[in-house]
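Heads up, the thing below is written out as structure tokens.
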Amino acid sequence: YSDLAVQQLAANKTQEARASVVLALGSYSEHVDASRLLARMLDAEGDARSIFYYTVVTKSRRASIEDFKNLAQALVKYGDYSEAQVVAERIANRWNEPAYPHLINAESYAKQGDFSAQENELRLALGIQENQATLSALIQYLMSQPDLMPNRASELDQLLQKMAKSNDAQGL
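Remember, this note's numbering sits 514 above the position in the sequence shown when you count from 1.
Put into structure tokens, the structure is as follows:
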């Protein structure tokens, strides 16, 4: 049923896909692929129940870093900032992503409207690990703050150049 649900989603048949996922979960409540798919569907619909299904997935041996990141982001999205931080720390330790907890903290502060704290976390993340994720996050933040643009134009230019070099190095 899980494979059928993927095909149905690809054909933009959301209701049919949901029914297939429910059938898959009905036959085996910890079906990882079905749980992953349902979590994504619920999250896309803005439904906090997605956290339950992301958690089911992350408890399996088949869980990937993306599954854990989706859980952390859903926790932030639905306001459980402390649990999001716990998941982010697991990601940092398990997959050697030391900046990730700061990126999640930045998202948490943004959701709460504390943009100064968001910027501080983004700068900490970039200082710990300069990569596409940290560069992109700080660039997006700076570009979303029009009042900062005149004062930060040269910094933004430098960050964009670093991002371009990173993309070139990865063949993007």
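Even for Gly, the Cβ is constructed at its ideal location relative to N, Cα and C.
These numbers were taken from a predicted model, which means no experiment stands behind them.
If you ignore the 5 residues before and after Tyr568, its C-beta comes within less than 6 Å of the C-beta of Ala553, Asn584, Leu585, Ala588, all in its own chain and listed in chain order. C-alpha of Glu597 to C-alpha of Lys625: approximately 15 Å in a straight line.
Per DSSP, the unbroken alpha helix (DSSP H) holding Pro615 starts and ends at 614-626.
Around the beta-carbon of Ser564, 16 or more other beta-carbon atoms lie within 10 Å, marking it buried.
Exposed is the label assigned to Glu669, since fewer than 16 other Cβ atoms lie within 10 Å of its Cβ. Secondary structure note for Pro660: it is in no alpha helix (DSSP H), with a DSSP letter that is neither H nor E. Classified as buried, Asp581 has 16 or more neighbouring CB atoms from the shown chains inside 10 Å of its CB. Out of Leu649, Glu621, Asp682, Glu603, the CA that lies nearest to the CA of Asp671 is found in Leu649.
The beta carbon of Ala606 lies closer than 7 Å to those of Pro612, Tyr614, Pro615 in the same chain, with the five residues before and after it left out. Nearest C-alpha to Thr528 among Ser549, His545, Val546, Leu556: Leu556.
Here the alpha carbons of Asp628 and Val600 stand approximately 20 Å from one another.
In this chain, the alpha helix (DSSP H) harbouring Glu597 covers 595-609.
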